[in-house]
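Asks: For reference, the structure I am asking about is given below.
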Amino acid sequence: MDLPLLEEDFQSEGMIQPSRIVPDVKAPECGVFCFFGDVVAETVAVRPERRQVAVLSSEARLTPVWEIEISGRRLAVLQPGVGAPQAADFLEEVIAMGCTRIIACGGAGALIPDLVRGHAVVVGSAVRDEGTS
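Taking our numbering, the leading residue of the sequence shown gets 96, the next gets one more, and so forth.
What follows is the structure in structure tokens.
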């Protein structure tokens, strides 16, 4: 018996396509997913050139996708909500809008005593046990 999760049918189109539901907008190629809502609000507030390019929706809330300019480059900025499933959903939606180079910044716990709070950590791998977590 084949296990459905182990089938490698990556060529066929998925049943759910974000491109079918996202607004017909062209998002910037580069974007930042920031899990700190206050940082997103403060960053966007001080940018006079800011422009809301879309609003993503979930059962919990509406989430604006902002476009700002930094060093002459357009950048999409949004707070993707709490939890991996919602973040993954929003990630697929902004990719469908054309934002294909995305970095996420957030917080996490640590098991290493020498890791000082507030320092940047670049993740090289992750351990998960279910879904998108």
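All C-beta atoms in this analysis are idealised placements derived from N, C-alpha and C, irrespective of residue type, glycine included.
Excluding the 5 residues preceding and the 5 following Leu170 in the sequence, name in chain order all residues of the same chain whose CB lies nearer than 6 Å to its CB.
Replies: For the purposes of this step, residue 170 is identified with residue 75 of the sequence shown, where counting begins at 1. Excluding residues within five positions, the ones whose Cβ falls inside 6 Å are Pro123, Cys125 and Ile163.
Asks: Can you tell me whether DSSP reads Ile190 as helix, strand or coil?
Replies: Here residue 190 refers to the residue found at position 95 of the sequence shown. Reduced to three states, the DSSP call for Ile190 is helix.
Asks: When you compare only the Cα positions, how much space is there between Gly201 and Ser107?
Replies: Stepping through the sequence shown from its first residue, residue 201 is reached at position 106. Stepping through the sequence shown from its first residue, residue 107 is reached at position 12. Roughly 33 Å separates the two Cα atoms.
Asks: Flag this pair as yes or no: are the beta carbons of Val172 and Val148 separated by less than 8 Å?
Replies: As a position in the sequence shown, residue 172 is number 77, starting the count at 1. As a position in the sequence shown, residue 148 is number 53, starting the count at 1. Not in contact: Val172 and Val148 (Cβ atoms no closer than 8 Å).
Asks: Could you check what DSSP says for Gly132 in three-state terms: helix, strand or coil?
Replies: As a first step, residue 132 must be located in the sequence shown, where it is residue number 37. Gly132: helix per DSSP, three-state reduction.
Asks: Tell me the DSSP secondary structure of Val177 in three-state form.
Replies: Position 82 of the sequence shown holds residue 177. In this structure, Val177 counts as coil in the three-state DSSP scheme.
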